[in-house]
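Here the structure comes first, spelled out in structure tokens, and everything after it is commentary.
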Amino acid sequence: SPKKFDNSALVALGLSGEEFVIEKLYEILDEELHPKIKHVSLNDDTLGYDIISPSTTKDSCNSFLEVKTSSRALDNTFRLYLSRNEFNVGIQDPRWSLIGVLIKDGSPHILGHIKGHQFPKPLSRRRF
Numbered sequence: 060s061p062k063k064f065d066n067s068a069l070v071a072l073g074l075s076g077e078e079f080v081i082e083k084l085y086e087i088l089d090e091e092l093h094p095k096i097k098h099v100s101l102n103d104d105t106l107g108y109d110i111i112s113p114s115t116t117k118d119s120c121n122s123f124l125e126v127k128t129s130s131r132a133l134d135n136t137f138r139l140y141l142s143r144n145e146f147n148v149g150i151q152d153p154r155w156s157l158i159g160v161l162i163k164d165g166s167p168h169i170l171g172h173i174k175g176h177q178f179p180k181p182l183s184r185r186r187f
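The opening residue of the sequence shown carries number 60 in our numbering; numbering runs sequentially from there.
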């Protein structure tokens, strides 16, 4: 009989990456800003980002962080799935950033981040 795909391991992996980013924000940001860090994906996964945080570079500005986590980096390539909604939010809102987290040997590492306006532009638009 056919089996239903169990994505609980992927959900747990994603959650661990988001929690790691939040831990790093607590380390970087002043303590009075900690209550402003919101893990919004726990309640709503349709926003196009996982975390709202005070900006680490601009005073009185929020950042919208989409965290992608992987435990596999093949050929030093970090592959991820970005939904159409996440992409659209990213290219429309300059406060949005994508953060890559790699779990290697059981430990999370932030690989880097990219803003939506930095995404490579397609050579042509195709409709499928």
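Ideal Cβ positions, reconstructed from N, Cα and C, are used throughout, including at glycine.
Beta-bridge pairing by DSSP links Lys-174 to Ser-156.
Counting only residues of its own chain and dropping the five nearest sequence neighbours on each side, Lys-174 has a CB closer than 6 Å to the CB of Ser-156.
As the crow flies, the alpha-carbon of Ser-130 is around 10 Å from that of Arg-138. Leu-170 is the residue among Glu-77, Glu-82, Leu-170, Thr-105 whose C-alpha sits nearest the C-alpha of Thr-136.
In the three-state scheme derived from DSSP, where H, G and I count as helix and E and B as strand, Leu-133 is classed as strand. In this structure, Tyr-108 sits near Glu-125, with a CB-CB distance shorter than 8 Å. Taking C-beta atoms as the reference points, Ile-162 and Thr-128 count as a pair closer than 8 Å. Residue nearest to Leu-74 within the set Ser-112, Asn-144, Asp-104 is Asp-104 (criterion: CA-CA distance).
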